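Read the structure below first, then the notes.
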Amino acid sequence: MNTTSLEFAVVGLGILLLLAEAFIDRTNKDYLAYLGAAGLAIILVLSFLPLQGPATGSPDSAFLTSDILSVFFTRFLLVSTIVVLLMTPGYKPVLARYLPAEKEGAGVGEFTILPLFVCAGLMWMVSAIDFIMIFVALELATITLYVLSTYLRQNMASLEAGTKFLILGALSTGFFVYGITWIFGVTGTTNIVSLPQSISLLPESSTLPLLFGVALILVALSFKIGAFPFQFWVPDVYQGAPTPVTAYLSVASKAAGFVVLLRLLVALETVPVLAHKLYAVVTLLAGVTLIFGNLAAIPQTNMKRLLGYSSVAHAGYLLMGVASLGSLMAIPAIGLYFAAYLVMTLLSFVVLMVVAEATGGEEISRFNGLSQRSPLLAGAMLLAMASLAGIPFTAGFVGKFLIFEVALKQGHFGLVAIGCITVAAGFYYYFKVARAMYWQQATEETPIPVSMTIKLLIALLGAGILALGIYPGPVLAALR
Amino acid sequence: MPTLANYLLASGILFAVGLGGVMLRRSIIIIFMSLEIMLNAANLALIAFSRYGLVSGHQVFDAQILVFFIITVAAAEVAVGLAIIVSLYRARQTTHVEDLDTLKF
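One line per chain: the protein sequences are A and B, in this order.
Anchor point for the first sequence: position 52 equals 52 in our numbering, and the numbering is continuous, going up by one each time.
Each number in our numbering comes from the position in the second sequence (counting from 1) with 1000 added on.
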C-alpha cells in the first residue's frame, strides 16, 4: 500500500457516506458523523503502518512526497477532522433553525460529510511538492470551505461571512496563480523541489521577476494562514461561520497553509540571493501579525471574534518559528506548536459551541457564572484559555517556549521582545473569559446539559493539553 | 509577430484591471467578474511562457496543463460563488458590499 492511498480512502469514505445519506431514510443524521469519525480513525491507524512513499520515477513522485512533514501533518489533519465531525451532532439545533425546513434533518447530512472532502484536499496539499498539485488541492479545500462557511443560508452573519470569504479567497487564488506563473516563467519548472537547481542556472537579472512571483505567493499564503497582510477576513469569517467550520478553518486549513510555506522556504533557503530577503520579509510579517492579532483581540466582546484574533496572534508565533528555519529545531518546534494549537483551540470551540447553544449567544458575557451552571465546561474552558495564554505545564507553554528558543538561537531578539510583550497582552484577554466564568454572577442557575460525545471530546482534548504540556517528547521525535 | 514581452504586457494589464476592479467596484457580481479576469491574466502569461520556453529553449507543457486546471477550478469557483451570491440576494435583496455590515465589533 502507498501513502497516497490515504487521501483516496478519505474521498472514498466521503462518497460512501453521501450515498448512505441519500439512500438511508432516517431523519436523525448523527450516525453519519460517527461513521465518518470511525472511518477517519481507521485511516489514522493505517497511516501508522509502514507505508511506501511514491516510488522514485513513478508519475506520483513528481507531485507528491511522503517526508516526515507530510506524514505528521496528514495525521494532524485526520485528528482535527475527527474532532470536527464529532462536534457536528451538537450543532444540529442551529442548523435546523437556519436552514429552510423542507423536511426534518434536511441538509444536516451534507454539513457532516463536506469536511471529509476538505480533509482530503488539505492532505494532498501537505504532501504536494508541485505547484500544480498544490493549487488543485488548495482549491478543493477552499471551495468546499466556501460552501461550509455559508451553510446557514437564512442567517445573515453566515451569508456575509461566506461572501467575504469567497471574494477574498478568490482574490488570494488570483495572487497565487499569478505568482506561480512568474516563477514558472523564470525557472521553467513548477516543481518546488527542483526549484533551487533551476534558479542556480539563471542569470542575475532574473532575480527581480522571481522575487515578484515569490512575493505574490507569500501574500496568497498569508490569506490561508491568517497572517498580515491578508488577515482582515479572519475575524469576520470566524464570527459568522458555523462554529464547527470556524474550528476547522482555524486549525486544519491554517496548518496546510503553513506546510506549503515551509516547503517553499526550505527550497529557496539554498538560494543565497533570495533567502536573505525572504527571511527579512517573514520576520517583518511575524512581528506585524503578532502586534495586530494581540492588540485587536483586547477589546473584543464576542467570543468567536476573540478566538479569531487569537488565531491571527498564533499565526504570528508560528511565523516566528518559520523565520528561524535556519535552526534544525525549527520544524519540530512548529510541529509541536501546531499539536498544542490543535488541542487547545478545538477544546475552546467545543465548549463555546455548547455554551452558545445553551445561552443563545456567543458574547463573552454569556459565559458569566458558567462555573455554577456547569463546572465541567468552565474547567475545560479555563484549561484551554490557560494553554492559549501559555501557562506552564500546558501544551501552549511548551509550544511558545520552543518557538522562542529557536528564535533566540537565530538571533531574532526584536521578535522575541515583541513576542514577550504580546504574550502578556494575551494573558489579559484570555483571562477575561476566565473572570466571566468564575467571578461573575450567572443570570440563570439551570445546569447546562452536556452530551456523552462532548464529554468524551472534552476529556480527550483536555488530556491532550496536559500530556503535551508535561511530556512533549513523542511529538518532537516524530518530526526530527 | 508578437513577442513574449507583448503577451506579458497584455497579461499585466489584465491583472491590473482585475485587481483594480476588485478594489474599486462595489457590486459583488462585478468584483467576481474582475477576479475571473485576474485568473485569465495568469492563463495568458502561462501560455506565453510555455510557448516561448525561455529557459530550455523549447516548449514546456507543464504550464499549459496548469491552465486547464485553472479553467476548471475557476468554473467550480463560479458555480459555488454565484450560488452564494444568489442566496445573499434572497436574504437581503442587495449585492452591494456596503450593505454587508452585520459583522462589526
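For each residue, glycine too, the CB sits at the ideal point set by N, CA and C.
A quick note: this is a predicted structure, and the numbers were derived from the prediction, not measured.
Enclosing alpha helix (DSSP H) for L208(A) [first to last residue]:
In the first sequence, residue 208(A) corresponds to position 208, counting from 1. Unbroken alpha helix (DSSP H) run through L208(A): T207 to I225.
Residues bridged to A128(A) by DSSP?
Taking the first residue of the first sequence as 1, we reach residue 128(A) at position 128. Answer is L64(A), bridged to A128(A).
Per DSSP, N1043(B) is paired with what?
The residue you call residue 1043(B) lines up with position 43 of the second sequence. None, per the DSSP bridge assignment.
Where L278(A) falls, given that 16 or more other Cβ within 10 Å makes a residue buried:
To locate residue 278(A), count along the first sequence from 1; it is residue 278. When all chains shown are included, L278(A) counts as buried.
Alpha helix (DSSP H) runs contained entirely in the region 373-456 of chain A, provided each spans 4 or more residues
375-389, 395-409 and 413-439
Pair within 8 Å by beta-carbon distance, T453(A) and V1055(B):
Along the first sequence, read from residue 1 onward, the residue named residue 453(A) stands at position 453. Along the second sequence, read from residue 1 onward, the residue named residue 1055(B) stands at position 55. For T453(A) and V1055(B), no; Cβs fall outside 8 Å.
Three or more C-beta pairs below 8 Å linking the region 213-226 of chain A and the region 147-158 of chain A:
no
Closer than 9 Å, Cβ to any Cβ of chain A: which residues of the region 1006-1022 of chain B, in chain order?
L1008, S1011, F1015, G1018, L1019 and V1022
Give a yes or no on whether the minimum CB-CB distance between T163(A) and chain B is below 8 Å.
Reading the first sequence from its first residue, position 163 is the one you call residue 163(A). It does; some Cβ of chain B falls within 8 Å.
Check whether the Cβ atoms of G369(A) and A323(A) lie closer than 8 Å to each other.
Position 369 of the first sequence holds residue 369(A). Position 323 of the first sequence holds residue 323(A). Cβ atoms of G369(A) and A323(A): not closer than 8 Å.
Please return the same chain residues whose Cβ sits closer than 6 Å to the Cβ of I418(A), not counting the five positions on each side in sequence.
For the purposes of this step, residue 418(A) is identified with residue 418 of the first sequence, where counting begins at 1. Excluding sequence neighbours, I418(A) sits near G287 and L290.
Contact criterion: CB-CB distance below 8 Å. Does I1029(B) meet it with respect to chain A?
Looking up residue 1029(B) in the second sequence gives position 29. Taking Cβ atoms only, chain A never reaches closer than 8 Å to I1029(B), which makes this a no.
On the DSSP bridge list, what partners appear for H1096(B)?
The sequence position of residue 1096(B) within the second sequence is 96, counting from 1. S1027(B), per the DSSP bridge assignment.
Using CA atoms only, rank isn't needed, just tell me which of V45(A), I167(A), S194(A) and Y178(A) is closest to L211(A).
To locate residue 211(A), count along the first sequence from 1; it is residue 211. Of the listed residues, the one whose Cα sits closest to L211(A) is Y178(A).
Contact check, T88(A) vs T112(A), beta carbons under 8 Å
As a position in the first sequence, residue 88(A) is number 88, starting the count at 1. As a position in the first sequence, residue 112(A) is number 112, starting the count at 1. In contact: T88(A) and T112(A) (Cβ atoms closer than 8 Å).
Buried or exposed for N28(A), please, with buried defined as at least 16 other CB atoms from any protein chain shown within 10 angstroms of its CB.
Position 28 of the first sequence, counted from the first residue, corresponds to residue 28(A). By the neighbour-count rule (16 or more Cβ atoms within 10 Å), N28(A) is not buried but exposed.
Please confirm whether S1027(B) and T1102(B) have their CB atoms less than 8 Å apart.
Here residue 1027(B) refers to the residue found at position 27 when the second sequence is read from its first residue. Here residue 1102(B) refers to the residue found at position 102 when the second sequence is read from its first residue. No, the Cβ-Cβ distance between S1027(B) and T1102(B) is not below 8 Å.
Can you check DSSP and say which residues form a bridge with Q52(A)?
Locating residue 52(A) in the first sequence gives position 52, where the first residue counts as 1. Answer by DSSP bridge pairing, in chain order: N2(A).
Which residues, in order along the region 1064-1084 of chain B, keep a beta-carbon less than 7 Å from a beta-carbon of chain A?
I1065, L1066, F1069, I1070, V1073, A1076, E1077, V1080, G1081 and I1084
Strictly below 7 Å CB to CB, what residues from chain B border D236(A)?
As a working mapping, residue 236(A) is identified with position 236 in the first sequence. Within 7 Å Cβ-Cβ: L1103.
Where L13(A) and A120(A) are concerned, what is the direct C-alpha to C-alpha distance, given to the nearest angstrom?
Along the first sequence, read from residue 1 onward, the residue named residue 13(A) stands at position 13. Along the first sequence, read from residue 1 onward, the residue named residue 120(A) stands at position 120. Going by the C-alpha atoms only, they are around 10 Å apart.
Quick check: A353(A) and M437(A), are their CB atoms within less than 8 Å of each other?
For the purposes of this step, residue 353(A) is identified with residue 353 of the first sequence, where counting begins at 1. For the purposes of this step, residue 437(A) is identified with residue 437 of the first sequence, where counting begins at 1. It is worth fixing the name first, because residue 353(A) is Met in this sequence and not Ala. No, the Cβ-Cβ distance between M353(A) and M437(A) is not below 8 Å.
Relative to chain B, which residues along the region 88-104 of chain A have a C-beta separation below 9 Å, given in chain order?
none
Is the Cβ-Cβ distance between I217(A) and F176(A) less than 8 Å?
Working through the first sequence from its first residue, we reach residue 217(A) at position 217. Working through the first sequence from its first residue, we reach residue 176(A) at position 176. Contact flag set, yes.
To be precise: take each residue of the region 114-135 of chain A, compare its Cβ to all Cβ atoms of chain B, and keep it if any distance is under 7 Å. Which residues remain?
I132 and F135
So which residues of chain B does Y178(A) contact, with C-beta pairs closer than 9 Å?
The residue you call residue 178(A) lines up with position 178 of the first sequence. Chain B residues near Y178(A): S1011, F1015, M1038, L1039, A1041, A1042 and A1045.
Taking buried to mean at least 16 other C-beta atoms within 10 Å of its own C-beta, is T1003(B) buried or exposed?
The count along the second sequence starts at 1 and reaches residue 1003(B) at position 3. So T1003(B) ends up on the exposed side.
Taking Cβ-Cβ distances below 7 Å as the criterion, which residues of the region 340-374 of chain A are in contact with chain B?
none
Please report whether the beta-carbon of Y429(A) lies at a distance below 8 Å from any beta-carbon of chain B.
For the purposes of this step, residue 429(A) is identified with residue 429 of the first sequence, where counting begins at 1. Cβ-Cβ to chain B under 8 Å: no for Y429(A).
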